[in-house]
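Reading through the structure tokens given below for one structure.
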Amino acid sequence: MHCCTNKYDYIVVGCGGVGSSTLYRLAKNTPGNVGVLGIEQFQLGHHYGGSQDHSRIIRYSYSEKEYVALAKGAYDAWSEVEEDSGIQVVYKCGGLNVALKNTSAEERLKTYANAMDINGTEYESLEGIQLHQKFPSFAPKSNLVAQYQKDGGLVDSALANAVHIQLARKYGADVLEHTTVRKITRAPDGKLIVSTSNGDFCCKKIVVTAGAWLNDVLKSVGVHIPVTVTQEQVTYFGTPHMKEFCHKRFPHMIYHGEGKDIYTLPIYGNSGFKIGIDAGGPEVTPSTRNYTPDPVRVKYCEEFLKEFLPRSVGPILYTKTCLYTMTSDRHFVIDTASRTGFPDVIICCGAGHVFKFAAVVGKVLTDMALERTVPYNIKPFSLNRPAITDPNFKKSFIMGDESHLQAMSKL
Ligand SMILES: Cc1cc2nc3c(=O)[nH]c(=O)nc-3n(C[C@H](O)[C@H](O)[C@H](O)COP(=O)(O)OP(=O)(O)OC[C@H]3O[C@@H](n4cnc5c(N)ncnc54)[C@H](O)[C@@H]3O)c2cc1C
Numbered sequence: 000m001h002c003c004t005n006k007y008d009y010i011v012v013g014c015g016g017v018g019s020s021t022l023y024r025l026a027k028n029t030p031g032n033v034g035v036l037g038i039e040q041f042q043l044g045h046h047y048g049g050s051q052d053h054s055r056i057i058r059y060s061y062s063e064k065e066y067v068a069l070a071k072g073a074y075d076a077w078s079e080v081e082e083d084s085g086i087q088v089v090y091k092c093g094g095l096n097v098a099l100k101n102t103s104a105e106e107r108l109k110t111y112a113n114a115m116d117i118n119g120t121e122y123e124s125l126e127g128i129q130l131h132q133k134f135p136s137f138a139p140k141s142n143l144v145a146q147y148q149k150d151g152g153l154v155d156s157a158l159a160n161a162v163h164i165q166l167a168r169k170y171g172a173d174v175l176e177h178t179t180v181r182k183i184t185r186a187p188d189g190k191l192i193v194s195t196s197n198g199d200f201c202c203k204k205i206v207v208t209a210g211a212w213l214n215d216v217l218k219s220v221g222v223h224i225p226v227t228v229t230q231e232q233v234t235y236f237g238t239p240h241m242k243e244f245c246h247k248r249f250p251h252m253i254y255h256g257e258g259k260d261i262y263t264l265p266i267y268g269n270s271g272f273k274i275g276i277d278a279g280g281p282e283v284t285p286s287t288r289n290y291t292p293d294p295v296r297v298k299y300c301e302e303f304l305k306e307f308l309p310r311s312v313g314p315i316l317y318t319k320t321c322l323y324t325m326t327s328d329r330h331f332v333i334d335t336a337s338r339t340g341f342p343d344v345i346i347c348c349g350a351g352h353v354f355k356f357a358a359v360v361g362k363v364l365t366d367m368a369l370e371r372t373v374p375y376n377i378k379p380f381s382l383n384r385p386a387i388t389d390p391n392f393k394k395s396f397i398m399g400d401e402s403h404l405q406a407m408s409k410l
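First residue of the sequence shown? That's 0 in this note's numbering, and the numbers climb one at a time after it.
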């Protein structure tokens, strides 16, 4: 019979953005220190996953009302983190969504408007030259439409992770770094056994927030989530006009192209203006990815800035790579492995856009672990949906190989 001396009530596998938040919420909501453990295969704050760097966009502008509702919860949850730690992690610089008039991207902006209307979120619509009038850094163009939302902003991602971990420890959580979870099995007494590179741990419930590695962990509980992992990158430009593009003056921006979205973040955390292509990178695995910037995508971003935000261009400071882990419909997975006999294994996949929600998703996963009612509609994030169960499900995103980018002559 298996005898486990390392006993915890709750174990979180993976301490990236979502895991660190979950660890904090679990530790805070289980008074009396009943035992919460976070296990991380690398050093905390490592750059191999999806959650590092200075900034991530936070916004209400989504097509689905579920995400807008979750965004409201996210802002509140980040405020709680700031209140509890005394450290600011969210900066409301404002947010812009921009598209060319009379394109399918303009239609997408309308779906954002609908979802924000349903949730009572205010925004401002700008047309043609109005964008330049409100934000003179934009080149004057008559063929653009835009939505401005004043609460849009950035989350200091690296800092937020560190703050979550320090708060978790304050509330009694243990954190084990350099420890890889190899498998999860069922003990004869019904508890879960987590086998790691540093021995076995028993617990009542597990939350798996393992990012690009999640299927390695879930294999032992009979779950496979079809995900596409891509190597993404962001480039920082050393604009000479820093004051114009700093986070106190300039919003984040998402430009919705016909095939690709391009996003920019104002100067924060270093002196560079940040730009990236959403889902622009090649498909990789955590072991095949590299850390070498792709010059084609850097050039593409530079050309974009020259056309739309010419005063932001300056020498390239650096380009940083990072991983997206996307389901085929790009919606989250927030569910349990109950269908394979493990209702006590809770799973989250962030689908390449979860950071803004990390604070509230940690609360949701905690509610699930503590068997409380989840105050959000998480049904769309079930494992039992075509994007997960249908092997022929068509991906809702376009892979960004080089030929595709070159074919995108029209920004
Ligand atoms: C360039 C880029 C820009 C982005 N921009 C935005 C944005 O503007 N707004 C937004 O909301 N989102 C954005 N995202 C997406 C967002 O950052 C990610 O969805 C999110 O950070 C993923 O968090 P995670 O905790 O799920 O995964 P990760 O941060 O990857 O964490 C998973 C952790 O699990 C650990 N782990 C894995 N397997 C094991 C194991 N077996 N044992 C122990 N530990 C394990 C890993 O080491 C890792 O630390 C962006 C992502 C990238 C790459």
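Cβ coordinates follow ideal geometry from the N, Cα and C atoms, glycine included.
| Check | Outcome |
| --- | --- |
| Status (buried if at least 16 other CB within 10 Å, exposed otherwise) for LYS242 | exposed |
| Counted within 10 angstroms of its Cβ, other Cβ atoms place SER54 as buried (16 or more) or exposed | buried |
| Cβ-based neighbour list, GLU39, same chain, cut-off 6 angstroms, excluding 5 preceding and 5 following | CYS14 and GLU176 |
| Proximity of GLN146 and LEU95 at Cβ, strictly below 9 angstroms | yes |
| Within 9 angstroms, strictly: CB atoms of LYS319 and TYR235 | yes |
| Candidates GLU79, TYR59, ASP293 and PHE272: closest to HIS163 by CA position | GLU79 |
| Cβ neighbour criterion (16 or more within 10 Å) applied to ARG371 | exposed |
| GLN230 - containing alpha helix (DSSP H), residue span | Premise fails: GLN230 lies in the beta strand (DSSP E), 226 to 236, not in any alpha helix (DSSP H). |
| Close Cβ partners of PHE396 (< 7 angstroms) along its chain, the five nearest in sequence each way excluded | ALA278, MET325 and ARG329 |
| CA-to-CA distance, LYS259 to ALA406, given in whole angstroms | At ALA406 the pLDDT is 45, less than 50, meaning the model places this residue with poor confidence; the figure from the coordinates comes in the next sentence. So the two alpha carbons sit approximately 11 angstroms from each other. |
| Selection from ASN5, SER19, CYS3 and LYS6 that minimises the alpha carbon distance to LEU364 | SER19 |
| Contact under 9 angstroms by Cβ, VAL11 with ILE205 | yes |
| TYR262 burial status per 10 Å Cβ neighbour count (16 or more: buried) | buried |
| Three-state class that DSSP yields for ALA278 in the structure shown | coil |
| Where ASN42 falls, given that 16 or more other Cβ within 10 Å makes a residue buried | Here the sequence assigns Gln to residue 42, which means Asn is not the residue at that position. When all chains shown are included, GLN42 counts as exposed. |
| Spatial distance of ILE192 from ASP199 (CA atoms) | 7 angstroms |
| Secondary structure of CYS300, DSSP reduced to three states | helix |
| Residues that ARG185 bridges to, as DSSP identifies them | LEU191 |
| Beta-carbon proximity check, GLY340 vs ASP155, cutoff 9 angstroms | no |
| DSSP three-state assignment for LYS204, whether helix, strand or coil | strand |
| Nonlocal neighbours in the same chain, by C-beta distance under 6 angstroms from ALA167, ignoring five residues either side | LEU22, TYR23 and ALA26 |
| Beta-carbon gap between LEU322 and GLN230 smaller than 9 angstroms | yes |
| Per DSSP, the bridge partner or partners of CYS347 | ILE333 |
| At least three beta-carbon pairs within less than 8 angstroms, the stretch 108 to 115 to the stretch 59 to 74 | yes |
| For ASP366: DSSP bridge partner residues | Paired residues: none, contrary to the question. |
| Distance cut-off 8 angstroms: HIS246 Cβ against heavy atoms of ligand 1 | no |
| ALA161 versus TRP77: straight-line alpha-carbon distance, rounded | 13 angstroms |
| Distance CB(PHE354)-CB(GLY72) smaller than 9 angstroms | no |
| C-beta atoms of HIS251 and ARG384 nearer than 9 angstroms | no |
| Anticipated Cβ contact below 8 angstroms, VAL233 with GLY280, distance rounded | The Cβ separation is near 11 angstroms, so there is no contact. |
| Cβ neighbour criterion (16 or more within 10 Å) applied to THR178 | buried |
| PHE356: CB within 8 angstroms of a non-hydrogen atom of ligand 1 | yes |
| Per-residue burial, ILE333 [other beta carbons within 10 Å of its own, 16 or more giving buried] | buried |
| Through-space distance from ALA350 to PHE307, alpha-carbon basis | 28 angstroms |
| Of the residues ALA70, THR238 and CYS348, the one placed nearest SER136, counting alpha carbons only | THR238 |
| LYS247 - DSSP class collapsed to helix/strand/coil | coil |
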